[in-house]
Amino acid sequence: MSAPPVNRAILVLNAGSSSLKFEVFDVLPGGLQCFLRGQIDGIATHAHFKAKDGAGVPLHATAFSAESMSSQHAALVWLLQWLQPALVGKNLVAVGHRVVHGGTLFAEPIRVDAAVMQQLEAFVHLAPLHQPHNLEPIRCLLAERPDLPQVACFDTAFHRSQPPEAEMFALPWRFHEDGVQRYGFHGLSYEYIARTARAQIPALVAGRTVVAHLGNGVSMCALRDGQSVGTSMGFTALDGCPMGTRCGSLDAGVVLHLARAYGMSLDAIESMLYRESGLLGLSGVSSDMQELLASGEPGARRAVDYFVYRLAREVGSLAAALGGLDALVFTAGIGENSPEIRSAVCERLAWLGLRIAPQANAANASQISTADSPVSVWRIPTNEEQMIAEHTCEVLNLW
Ligand code: ADP
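Using this note's numbering, the first residue of the sequence shown is number 735, and each one after it goes up by one.
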């Protein structure tokens, strides 16, 4: 009897400050299929692991002591061991990583070797809260599994098509030359939406589109012919729209005032802007949109109203950058699941020609605008892990 065929598999890793998310895909003749996903959260504090199969059925959950799961390295070693029995009959051919910063150097994903790793380490100072954690599993695997090809996929890369004026700050030019520029983030999500639309709704990609990625992190991207020409996040992932715990656009003078008048240290200001602001700071209730919408607290209403107001302003700004608007796309946790937020944003944008179809919106349909709406409105689920897996296949010629 001949041995059963061995499926090639790709592991996608998304390493954060205290979490390691993973997804495993089969590389099939018809494309990629996720068969396992999960995450280790609370690394170095109250670490716990959970995994689901490709259909979302829970498979496994475990809690760890802080000592036994004290670092990204420990989490990766544990995960690779846990994956072994799940990968029996499969050949793990590559690992794709989410890496927040590719600077101006990387406009595409890239296979990582020691030289590329050095270049990626040079961007740590541009994203000190994220880049070191993203790079840790790559470094571990380069050392322990040098035979296993690894591909870095960047949150910034998709925005390298922006025109020069979209990448500038009005600071003395030497800072721009030193890397103080608007890079933009969430690029893997926007690229996935552009690809999906190109395959399923070609007319959508052909025009002037704003995509609103509304998750815990929130940003928007202006697309012309499927390419980024502007985005709301800038030098860091703090800028633009208000988020779960991040402030969004803030007068730089406020930072100076916090330091001078309140004696706050840079670390204290950074922690507040990243972790205590946004929906959480304004509401005093929660960073979670679903909880805010269900809450009767006045602070919750205040936060939701501000969120909607700023989103509408940002769409207006990006529409100006595009010279008009043909389509608006909602994606990520809030964008995909909250008819209330979508309709509130669209109501504020009626002047641009948006007409939402209430039933389609309430049903979370794909097209949620009326047939005669001059600007079409869509709901398209994003999938950054799938995008990383696709890039990994393309870079390594695995198709
Ligand atoms: P992340 O950026 O961490 O990947 P998600 O894309 O999962 O986050 O988005 C999380 C946000 O989506 C949370 O604010 C959550 O409350 C919100 N969300 C999820 N489902 C709903 C829903 N049915 N209604 C409103 N908000 C929702």
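Built from N, CA and C at the ideal position, the CB exists for glycine as well. As the structure is a prediction and not an experimental result, all values here were calculated from the model.
Given a threshold of 16 other Cβ atoms within 10 Å of its Cβ, counted over all protein chains shown, does residue i qualify as buried or as exposed?
{"i": "L957", "result": "buried"}
{"i": "Q865", "result": "buried"}
{"i": "E1119", "result": "buried"}
{"i": "F909", "result": "exposed"}
{"i": "G968", "result": "buried"}
{"i": "Y924", "result": "buried"}
{"i": "Y926", "result": "buried"}
{"i": "G987", "result": "exposed"}
{"i": "D889", "result": "buried"}
{"i": "V1079", "result": "buried"}
{"i": "R980", "result": "buried"}
{"i": "H835", "result": "buried"}
{"i": "P883", "result": "buried"}
{"i": "L1013", "result": "buried"}
{"i": "Q710", "result": "Outside the displayed span of the chain (735 to 1133) sits residue 710, for which this structure offers no information."}
{"i": "H920", "result": "buried"}
{"i": "E899", "result": "exposed"}
{"i": "A849", "result": "exposed"}
Quick one: grab the DSSP three-state call for residue i.
{"i": "D889", "result": "coil"}
{"i": "V1038", "result": "helix"}
{"i": "T1065", "result": "strand"}
{"i": "Q818", "result": "helix"}
{"i": "V791", "result": "coil"}
{"i": "R942", "result": "strand"}
{"i": "N748", "result": "strand"}
{"i": "L770", "result": "strand"}
{"i": "H780", "result": "coil"}
{"i": "E1010", "result": "coil"}
{"i": "G949", "result": "coil"}
{"i": "I872", "result": "helix"}
{"i": "C981", "result": "coil"}
{"i": "V914", "result": "coil"}
{"i": "Q724", "result": "This structure does not reach residue 724, given that the chain is present from 735 up to 1133, and the question cannot be answered."}
{"i": "D1106", "result": "coil"}
{"i": "E757", "result": "strand"}
{"i": "L1075", "result": "According to the sequence displayed, residue 1075 carries Ile and not Leu. If DSSP states are grouped into helix, strand and coil, I1075 belongs with the helices."}
{"i": "V694", "result": "The requested residue 694 is not part of the displayed model; the chain covers only 735 to 1133."}
{"i": "I1090", "result": "strand"}
{"i": "S962", "result": "strand"}
{"i": "V1129", "result": "helix"}
{"i": "L1000", "result": "helix"}
{"i": "V1111", "result": "strand"}
{"i": "M902", "result": "coil"}
{"i": "L957", "result": "strand"}
{"i": "A785", "result": "strand"}
{"i": "I844", "result": "strand"}
For residue i and residue j, which I take to be in contact (beta-carbon distance under 8 Å), what is that distance rounded to the nearest angstrom?
{"i": "A828", "j": "T1116", "result": "About 22 Å; that fails the 8 Å criterion."}
{"i": "Y917", "j": "H947", "result": "About 15 Å; that fails the 8 Å criterion."}
{"i": "C975", "j": "L1045", "result": "6 Å"}
{"i": "E1128", "j": "L766", "result": "E1128 to L766, Cβ: 11 Å. No contact."}
{"i": "H831", "j": "L747", "result": "5 Å"}
{"i": "A886", "j": "I844", "result": "6 Å"}
{"i": "R942", "j": "L1059", "result": "6 Å"}
{"i": "A778", "j": "P871", "result": "With 8 Å as the limit, A778 and P871 do not qualify as a contact, their Cβ atoms being about 15 Å apart."}
{"i": "L938", "j": "A1061", "result": "5 Å"}
Cβ-heavy atom distance between residue i and the ligand ADP below 6 Å?
{"i": "S1072", "result": "yes"}
{"i": "A1105", "result": "no"}
{"i": "M967", "result": "no"}
{"i": "M1023", "result": "yes"}
{"i": "A956", "result": "no"}
{"i": "N950", "result": "yes"}
{"i": "A1066", "result": "yes"}
For residue i, collect the residues of the same chain with a Cβ closer than 6 Å to its Cβ; drop the 5 residues on either side in sequence, then sort them by chain order.
{"i": "N741", "result": "D760 and K824"}
{"i": "E1031", "result": "V1019"}
{"i": "F1064", "result": "A946, R1076 and R1113"}
{"i": "G1069", "result": "A946 and L948"}
{"i": "P1073", "result": "N1095 and A1096"}
{"i": "M1121", "result": "L922, E925 and Y926"}
To which residues of the same chain is residue i closer than 7 Å at the C-beta, ignoring the five residues directly before and after it?
{"i": "L793", "result": "A785, K786 and D787"}
{"i": "A940", "result": "D959"}
{"i": "C874", "result": "H807 and L810"}
{"i": "P1108", "result": "G1087"}
{"i": "Q853", "result": "L839"}
Within the same chain, show all residues whose beta-carbon is closer than 8 Å to that of residue i, passing over the 5 residues directly before and after it, in chain order.
{"i": "G913", "result": "G837, T838 and L860"}
{"i": "D1106", "result": "R1089"}
{"i": "M954", "result": "V944, V945, A946, H947, T965, S966, G974, C975, L1045, E1048, V1049 and L1052"}
{"i": "T1104", "result": "R1089, I1090 and A1091"}
For residue i, is the beta carbon positioned less than 6 Å from some heavy atom of the ligand MN?
{"i": "I1122", "result": "In terms of ligand content, the structure shown lacks the ligand MN and carries the ligand ADP instead."}
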